[in-house]
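These notes are about the structure you will find just below.
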């Protein structure tokens, strides 16, 4: 007796249900890939400070060594100022203000180290008066260390100076990550972004040797 073709199709489906389900729903690899796309987007949105820092380094390239030496003390100065203000939410505006001041000083060939040192002393005094002497002392000590590194690097030969300032930027990256763990002084987004940027900037300086 001849079978209806439709009966053949139904029989095959009953004999190989996995194949039928596979055809209707797609392969497991396709499903995995479709789930990974929103997961990647979510990670990028959550880690936007890291993406921002990496993007800046990629687009701007390695820092000029002299600029890196001059700007290094600005990074710990931000911490000193924020302790004086006592408001972490001001991190990004203060960073913008200090960066703008630095660029103006550089443009008019003003001694940036002197101005930065004066601001650090004023910020430390204000923080102590406000009753934040312990944190003020910690940030002042860190400022002095990075200040000395940036200044000393200028008086060494090119290779030694770049090695020293690269070490200073890398150390400040670790300082940022430590504050990210502490969850104090600066905004967490800044601590993450600055930590990544500092480490990448240090690597860029070394690769430029």
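Numbering (my numbering), first residue to last: 16 to 224.
All C-beta atoms in this analysis are idealised placements derived from N, C-alpha and C, irrespective of residue type, glycine included.
For residue 139, I'd like the list of residues in its chain whose CB is within less than 7 Å of its CB, leaving aside the five on either flank, ordered along the chain.
95, 151, 155
Extract the residue ranges of the alpha helix (DSSP H) inside the stretch 48-120, only unbroken runs of 4 or more that lie entirely within it.
63-75, 80-86, 89-100
Sorted by chain position, which residues of the same chain lie with C-beta nearer than 8 Å to residue 97's C-beta, five sequence neighbours on each side aside?
103, 105, 106, 109, 200, 201
For residue 193, is the classification buried or exposed, using 16 other Cβ atoms within 10 angstroms of its Cβ as the cut-off for buried?
exposed
Please report the straight-line C-alpha distance between residue 144 and residue 99, rounded to a whole angstrom.
9 Å
May I have the straight-line CA-CA distance separating residue 190 from residue 210, to the nearest angstrom?
8 Å
In whole angstroms, give me the CA-to-CA distance for residue 171 and residue 126.
18 Å
For a test of the three-state rule: what should DSSP assign to residue 173, helix, strand or coil?
helix
Residue 223 - containing alpha helix (DSSP H), residue span
No alpha helix (DSSP H) contains residue 223, which DSSP labels as neither H nor E.
If I measure Cβ to Cβ from residue 128 and keep anything under 8 Å in the same chain, skipping five residues before and after, which residues do I get?
85, 88, 162, 165, 166
Rounded separation between residue 168 and residue 204 - CA only
29 Å
Distance check for residue 61 and residue 77, CA to CA, integer angstroms please.
26 Å
Length of the line joining the Cα atoms of residue 67 and residue 208:
7 Å
Determine the DSSP secondary structure at residue 188, reduced to helix, strand or coil.
helix
By the three-class DSSP mapping on this structure, what secondary structure does residue 198 have?
coil
To the nearest whole angstrom, what separates the beta carbons of residue 224 and residue 174, a pair I think is in contact under 8 Å?
6 Å
Does residue 126 come out as helix, strand or coil in the three-state DSSP assignment?
coil
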